[in-house]
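One structure is given here, and the rest of the page talks about it.
Residue numbers (the UniProt record's numbering): 1 to 90.
Shown next as structure tokens:
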């Protein structure tokens, strides 16, 4: 099953041409909280970039989306929720 296999080009890629792994600065903290499905439609180009970033960082789409949502909502990865004005006073 070689030659016309749509995945054969990946098997022929030399390891020396592979991109270096990018280590993310932070990861979504694992939680014991039950998960619930979130289904939404996003632009195709955004989805492509999301998959590309997750692959470059050796992470799952789920991890990347959870981290992005936590940052957007200002939620502490340790379970707390940051509120506006929670920053330390100078």
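No residue lacks a Cβ here, since even glycine has one placed at the ideal position from N, Cα and C.
Distance, residue j Cα to residue i Cα
| i | j | result |
| --- | --- | --- |
| residue 77 | residue 63 | 12 angstroms |
| residue 169 | residue 42 | Nothing in the structure corresponds to residue 169, since the chain is present only between 1 and 90. |
| residue 36 | residue 65 | 13 angstroms |
| residue 175 | residue 45 | Since the first residue shown for the chain is 1 and the last is 90, residue 175 is missing from the structure and cannot be characterised. |
| residue 75 | residue 55 | 24 angstroms |
| residue 91 | residue 32 | The first residue shown for the chain is 1 and the last is 90, placing residue 91 beyond what the model contains. |
| residue 59 | residue 47 | 15 angstroms |
| residue 72 | residue 57 | 20 angstroms |
Integer Cβ distance of residue i from residue j, believed to fall under 8 angstroms
| i | j | result |
| --- | --- | --- |
| residue 52 | residue 61 | That pair is no contact at about 11 angstroms. |
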